[in-house]
Amino acid sequence: MDCAFCEIVAGRRPAHVVLDDDGPAVAFLDTRPLFKGHTLLVPREHYETLPDLPPELLAPYFGAAQRLAEAMETVLGAAGSFVAMNNRVSQSVPHLHTHVVPRNRKDGLRGFFWPRTKYASDDEAREYAKRLREALG
1 MDCAFCEIVA GRRPAHVVLD DDGPAVAFLD TRPLFKGHTL LVPREHYETL
51 PDLPPELLAP YFGAAQRLAE AMETVLGAAG SFVAMNNRVS QSVPHLHTHV
101 VPRNRKDGLR GFFWPRTKYA SDDEAREYAK RLREALG
């Protein structure tokens with residue numbers, strides 16, 4: 001199977017990893033973030049959609065999403081976060097992934113019009129990943 005997210009989980013594709021512990025999920029920075037710190041949470045095993053995720057993985061998977069949302073506020077100083085996923089429609093990579101995005105009031109995000117941004121450099125992305133990783137322990 002040729003899956004970009006499986007390759008990141010396996011360490012065969014570079015990514016700015018934020019979470020990679022013994023849990024069922026791995027998180028890394030989105031390469032086309034809505035806002036700096038925008039993280040993708042993926043199951044370690046390949047599941048295409050949320051309905052495919054085994055019930056016993058729901059709590060640990062969304063526990064990781066909860067930890068990421070908290071880190072957006074405590075480490076990045078965000079006022080809150082946006083947590084979302086697509087299933088098949090608008091799913092750019094057919095591997096279940098949850099977007100955890102830092103949010104602030106009047107940040108320009110309206111409905112589902114998502115303007116993308118870029119990190120100034122690989123070093124800046126590395127620093128965002130490091131800050132979030134440290135907050136997650």
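Take 1 as the starting number for the sequence shown in the UniProt record's numbering and just add one per residue. Where a beta carbon is used, it is the ideal one built from N, C-alpha and C, also for glycine.
Asked                                                                                               : Found
Alpha-carbon spacing of CYS79 relative to LYS106, whole angstroms                                   : As written in the sequence, residue 79 is Ala, which differs from the Cys given in the question. Using only the alpha carbons, I get a separation of about 11 Å.
The segment 87–94 in contact with the segment 115–127 per 3-pair CB rule at 8 Å                     : no
Local conformation of ARG131 per DSSP, three classes                                                : helix
Length-filtered (4 minimum) alpha helix (DSSP H) runs lying within the UniProt domain "HIT" (4–110) : 4–10 and 55–74
Residue from PRO54, THR31, GLU45 and LEU132 with nearest C-alpha to CYS3                            : GLU45
Contacting residues, own chain, Cβ-Cβ under 6 Å from LEU76 (five flanking each side not counted)    : GLY37 and PRO102
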